[in-house]
Structures are given as C-alpha cells and as structure tokens.
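**Q** Dropping the structure in here first, questions after.
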Amino acid sequence: MAALTRSIFPSVRLLSRAVVQGISSRGYADEMSFTFAAANQVFYHNKNVKQIDVPSFSGAFGILPKHVPTLAVLKPGVVTVYEIDGGKQDIFVSSGTVTINEDSSVQILAEEAQPVQNLDASAAREVLQQAQSEFASASSDVAKAEAAIAIEVGEALVKATS
Amino acid sequence: MSTVKMISLRVKSMKNIQKIVKTMKVVSAAKYAKAKKDLLVARPYGTSTKVFYDKLDLKDPQEQTLLIAITSDRGLCGALHKNVSTKIKEEFAKRPENSKIVCVGEKSRGLLQGQYGKSFLGVADQIGRKPPTFLDASRISNILFTTPYKYTSGKIIFNESKSVVSYLTSVVSVFTLRTLNAAPGLRVYDSLDDDLLQSYLEFSVTSLVFYALKEAAASEQSSRVNAMDQASKTAGNMISELTMVLNKTRQAAITTELIEIISGATAAKKDSGV
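In order, the protein sequences belong to chains A and B. Residues in the first sequence are numbered from 22 upward in steps of one, following my numbering. Residues in the second sequence are numbered from 2 upward in steps of one, following my numbering.
Written as structure tokens, this is what we have:
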C-alpha cells in the first residue's frame, strides 16, 4: 500500500503544479515579479512567487499579488517566501527595504541576508551577548544607538534560530 | 655614443619593468575575476533599487546639485579616473554656482582639487585597496546625509563595467526627501510618512553607492589588466629595439678594435722593411 501511494504521489504533485501554473499564467496581474537581493547574495530575480511575509517597522505583513503599492523598511527578522510549487524558504535579514509597485513587482533589498538553516544558534547568542556588553560600556549617544541596533539584530537572530 | 655597458644596463632595467608589469597584469586579472563575481550579485541589487525611482518619474528641480565622483586610490589603469573627472567637470559647468562635489578615492581628489577644491563637500579615501563593502558605501552616504548643504538632487558618476575590455562612464541619480515628496508618482504608494521615506531613502542611496562602487571596482581592474597588457607589449618592443642597438654597438666596438690591431700590425711590418 505504501509503495502504491509513493508511486502515485509524484504524479499527483506534478498535476497540481501544472494546474497552479495554468492558473497563474492566465493574467499578468496575478503574478508577482519578485526580486530579493542582498549585498552578499541574490535569492530571487524577477521570479513569480505565491506569498512573501516580511517583518517591517510598521509591523509584519504578508504580500500577495495585487498588493497595494507601498514602501516599508525591513526590521531584523525572518522573511518567508512561499514559492509557486509549494516550497517555503526562510531567510534572515538584518535590515533593508521593501518596495511594492503598482504592477505587482516587489523588490526586497537587504543589507545582509542568509537562509535561516545557515545560522548557528550558539553564535547568535554570542552576538547578542557581545552587543549587550557593548551597550553597557557605550559612552556616547551614537555608540549607544549603534549598540542598541546590534542588540535588536542579535535578539532577532536568537529568535530565528531557536 | 652610448657605450655597450650603458645599453646593456638599459636592457636589463627594461626587462625588470616588463616582469613587474606582467605580474601586475596577472594580479589584476585575478582581482577582476573576483570583482566580476561580486558584480553579478550587486547588479540585480542596484537595478532593483533603481526600479522604484524610475517608476516615480521624478523631476529634477534643477536647483542645488551634488556630484559624486566614484574613483579609487589606485592609478595605473588607463583613462578610467580621468573619464570620471571629465564628466564631473561637464556636469559642474552646467550649474557652477549650485553644484558641490564629493570625491570618492584619492584619484578624483587629485584630478579635481586644483580647479574645484572650494566646491568640495567631502572626500572618502581608502577606496580601492580591497573590494568595496557595504560599510564603505554607508561611510560615503553618511557624507551625503549629514552635510548641511541643501541639495535637491545628486548624481553619482562612475564607470560601469561592460566587458573585459570596455566600460562606460555612467550617471545614477539620487534624490532627497523634498524632491521625493514633490513627485506625483508617489501618491500611488500607500501609508507613507516622512520618517519611513527618510529611512527608505537612506538605505536605497547607500545601495546605489554600493552598486556604483562595485561597478567601478570591476571596471578599474579590467582596465588595469588592459593597461598592463599594453605596457608589457611596449616594454617587449623596447627590449628588442635596445637589443638590436646593443648588438650593433658591440660589433662596432669589436670591428674598431680589430681594425686597430690589423692596421698596427701592418704598420709594424712596413717598419721592419721586409
């Protein structure tokens, strides 16, 4: 029985993918032209995806095709991309911007981004501790603000890895 | 007439120069390979940053302008830096009273200081030794955002790498909050406030500077490869020319010596009266 399901399963999946693609290619506006680039890596370039969840300073939100055009500034956290074929990718970002344009094209630009599975939990805790000690020893306002940002990134890192 | 010794010294030094130039070529070829790899990442980054500004259809209010010259600290790479400063001069000439210049890299400073030193807003050096990072870009954009000079639009002038053998001196525009708010295209975007726009602007300007730095780094290395290639060819030509001269001079010296000996011997024969 198990063998039977196994043999059927791929064809079912293949079928569903074909259906999804059929639907999405019907109208241009239902597609997203999604670009996700960071200074160190390009994740998506003009790709069509289902949905993107982003953390921003005006609150976390999800982006679907035909989202109202807006701008947002990324907060340290995890961007989740739901791909057309059902795959899901979690990517950690330190900071950056989100642009949603009228023609459903979406650009996420991050200063630094890494897939969450590449992050190490203990290293993340170390980053946070270091940032906290820097904050405690910071003398000037600028140094304090910089350390506070580092703490924010550290906390987001720890949260993402746990 | 130069002696054999002098010429052989010159040949030797030319050979040394050729060796150095060849090594430099190999080093920059390796650096170019890396810069090109970096550029593959930075290019989609830069072009997608530009998308938003292209869609806005911004009008340059033609008031105060800021010109940003992207060069590096290193020379020996053809007319690359010179092209950037020529473009800066052209742009400056359009509105000489309302333009200020930010130099990135010692080379542009050196080329522009004499004539435009008074219009300098800032100079960012230590560029070009290592591949540019996002931190370098934020250091430069920090100058752009902390300056008391109230500019309405800025122009980043840099060399865009086209291929191994060619580059194009291009311009990317950056804007300020005031210009952005005046753009009619901005009304389409939902839930914006000045704080958000300012942060957005700061980040995207830094991204554009970063992109320009990467392009400039790649074109600089490729241009250096070509310059060094040319230099080693020239050195090769000079070596073969000098070697010819050297052989001629040496043979002439030998011939003279022989003539001296022979004529001496002939004279001695005559004297003995045989």
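Ideal placement from N, C-alpha and C gives every residue a C-beta, glycine not left out. Keep in mind that this is a model prediction, so the values were computed, not measured.
DSSP has Lys108(B) in a bridge; who is on the other side?
**A** Numbered from its first residue, the second sequence carries residue 108(B) at position 107. Answer is none; Lys108(B) lacks a bridge partner.
**Q** Run through chain A and tell me which residues come within less than 7 Å of Ser208(B), C-beta to C-beta.
**A** Stepping through the second sequence from its first residue, residue 208(B) is reached at position 207. Neighbours of Ser208(B) on chain A, chain order: Leu130.
**Q** Residues of chain A with a CB under 7 Å from the CB of Val189(B): which are they?
**A** Start at 1 with the first residue of the second sequence, and residue 189(B) comes out as number 188. Simply Pro90, Glu123.
**Q** Name, please, each residue of chain A whose Cβ falls closer than 8 Å to the Cβ of Tyr46(B).
**A** Translated into the one-based positions of the second sequence, residue 46(B) becomes position 45. Ala58, Ala59, Ala60, Val63, Leu130, listed in chain order.
**Q** Thinking C-beta only, is Ala93(A) closer than 8 Å to Ser116(A)?
**A** The residue you call residue 116(A) lines up with position 95 of the first sequence. The residue you call residue 93(A) lines up with position 72 of the first sequence. Result no, Cβ atoms of Ser116(A) and Ala93(A) do not sit closer than 8 Å.
**Q** Kindly identify the DSSP beta-bridge partner or partners of Ala152(A).
**A** Sequence index remark: in the first sequence, residue 152(A) carries index 131 (1-based). According to DSSP, which records beta bridges pairwise, Ala152(A) is partnered with nothing at all.
**Q** For the segment 77-88 of chain A, which residues have a beta carbon sitting closer than 8 Å to at least one beta carbon of chain B?
**A** Phe78, Ser79
**Q** Closest to Glu98(B) by C-alpha separation, out of His82(B), Pro185(B), Ile89(B), Ser120(B), would be which residue?
**A** Here residue 98(B) refers to the residue found at position 97 of the second sequence. That would be Ser120(B), whose Cα lies nearest to the Cα of Glu98(B).
**Q** Between Val165(B) and the rest of its own chain, which residues show a CB-CB distance below 6 Å, the 5 nearest in sequence each way excluded?
**A** Start at 1 with the first residue of the second sequence, and residue 165(B) comes out as number 164. Cβ neighbours of Val165(B) beyond the five flanking positions: Ser223.
**Q** Does DSSP put Phe82(A) in a helix, a strand or coil?
**A** On the first sequence, residue 82(A) is found 61 positions in, with the first residue counted as 1. If DSSP states are grouped into helix, strand and coil, Phe82(A) belongs with the strands.
**Q** Using the DSSP secondary-structure output, state which residues sit across from Pro136(A) in a beta bridge.
**A** Within the first sequence, residue 136(A) is the residue found at index 115, counting from 1. Answer is Ile112(A).
**Q** First and last residue of the beta strand (DSSP E) that includes Asn160(B)?
**A** Translated into the one-based positions of the second sequence, residue 160(B) becomes position 159. Asn160(B) -> beta strand (DSSP E) spans 154-162.
**Q** According to DSSP, simplified to helix, strand and coil, what is Phe121(B)?
**A** Start at 1 with the first residue of the second sequence, and residue 121(B) comes out as number 120. Residue state, collapsed to three classes: strand.
**Q** What does the alpha-carbon distance come out to for the pair Ala59(A) and Ala134(A)?
**A** Counted from its first residue, the first sequence places residue 59(A) at position 38. Counted from its first residue, the first sequence places residue 134(A) at position 113. Distance between the alpha carbons of Ala59(A) and Ala134(A): 6 Å.
**Q** Between Ala80(B) and Ser162(B), is the Cβ-Cβ spacing less than 8 Å?
**A** Here residue 80(B) refers to the residue found at position 79 of the second sequence. Here residue 162(B) refers to the residue found at position 161 of the second sequence. Not a contact, by the Cβ cut-off of 8 Å.
**Q** Just confirm the distance between the C-beta atoms of Gln110(A) and Pro136(A), as a whole number of angstroms; I'd bet it's less than 8 Å.
**A** As a working mapping, residue 110(A) is identified with position 89 in the first sequence. As a working mapping, residue 136(A) is identified with position 115 in the first sequence. Rounded to whole angstroms, the Cβ separation of Gln110(A) and Pro136(A) is 7 Å, and the two are in contact under 8 Å.
**Q** Please list, in chain order, all residues of the same chain as Asn122(A) whose beta carbon is under 6 Å from its beta carbon, the five residues on each side excluded.
**A** Here residue 122(A) corresponds to residue number 101 of the first sequence, with the count starting at 1. If we look at Asn122(A) and ignore the five residues flanking it on each side, its Cβ neighbours are Pro90.
**Q** Just how far apart, CA to CA, sit Arg251(B) and Ile18(B)?
**A** The residue given as residue 251(B) occupies position 250 in the second sequence. The residue given as residue 18(B) occupies position 17 in the second sequence. Each residue's alpha carbon lies about 24 Å from the other.
**Q** Is any beta-carbon of chain B found at less than 8 Å from that of Val179(A)?
**A** Locating residue 179(A) in the first sequence gives position 158, where the first residue counts as 1. For Val179(A), no Cβ of chain B is located within less than 8 Å of the residue's own Cβ.
**Q** Under 8 Å, Cβ to Cβ, is there at least one residue of chain B near Thr118(A)?
**A** Translated into the one-based positions of the first sequence, residue 118(A) becomes position 97. Interface residue (Cβ-Cβ distance to chain B less than 8 Å): Thr118(A) is classified as such.
**Q** Comparing alpha-carbon positions, which option in Asp162(A), Ala145(A), Val119(A), Phe156(A) lies nearest Val179(A)?
**A** Position 158 of the first sequence holds residue 179(A). For Val179(A), the nearest C-alpha among the options comes from Ala145(A).
**Q** Skipping 5 residues on each side, what residues in its chain have a beta carbon closer than 8 Å to that of Ala43(B)?
**A** Counting from one through the second sequence, the residue named residue 43(B) turns up at place 42. Phe211, Tyr212, Lys215, Glu216.
**Q** Taking 8 Å as the CB-CB limit, is Val174(A) close to chain B?
**A** One-based indexing of the first sequence puts residue 174(A) at position 153. With 8 Å as the cut-off, Val174(A) does not count as an interface residue toward chain B.
**Q** For the segment 56-113 of chain B, list the alpha helix (DSSP H) runs that are entirely contained and at least 4 residues long, ordered along the chain.
**A** Within the segment 56-113 of chain B, the complete alpha helix (DSSP H) runs of at least 4 residues are 81-95.
**Q** Name the residues in the segment 147-172 of chain A whose C-beta lies less than 7 Å from a C-beta of chain B; which are they?
**A** none
**Q** Is the segment 63-76 of chain A touching the segment 94-110 of chain A, taking contact as three or more C-beta pairs under 8 Å?
**A** With a cut-off of 8 Å, the segment 94-110 of chain A and the segment 63-76 of chain A count as touching, because enough Cβ pairs lie within range.
**Q** Look at Glu64(B) and Thr153(B) and say whether their C-beta atoms are less than 8 Å apart.
**A** Position 63 of the second sequence, counted from the start, is the residue given in the question as residue 64(B). Position 152 of the second sequence, counted from the start, is the residue given in the question as residue 153(B). In contact: Glu64(B) and Thr153(B) (Cβ atoms closer than 8 Å).
**Q** In terms of residues, what are the limits of the alpha helix (DSSP H) holding Gln199(B)?
**A** For this step, residue 199(B) is matched to residue 198 along the second sequence. It spans 195-273 - the alpha helix (DSSP H) in which Gln199(B) sits, taken as one unbroken run.
**Q** Residue range of the beta strand (DSSP E) that Leu92(A) falls in?
**A** Taking the first residue of the first sequence as position 1, residue 92(A) is located at position 71. Per DSSP, Leu92(A) belongs to the beta strand (DSSP E) from 91-95.
**Q** Which residues, in order along the segment 90-109 of chain A, keep a beta-carbon less than 9 Å from a beta-carbon of chain B?
**A** Pro90, Thr91, Leu92, Ala93, Val94, Leu95
**Q** Under the rule that 16 or more other beta-carbon atoms within 10 Å means buried, what is Pro45(B), buried or exposed?
**A** As a first step, residue 45(B) is located in the second sequence; it is residue number 44 there, counting from the start. Around the CB of Pro45(B), 16 or more other CB atoms lie within 10 Å, so the residue is classed as buried.
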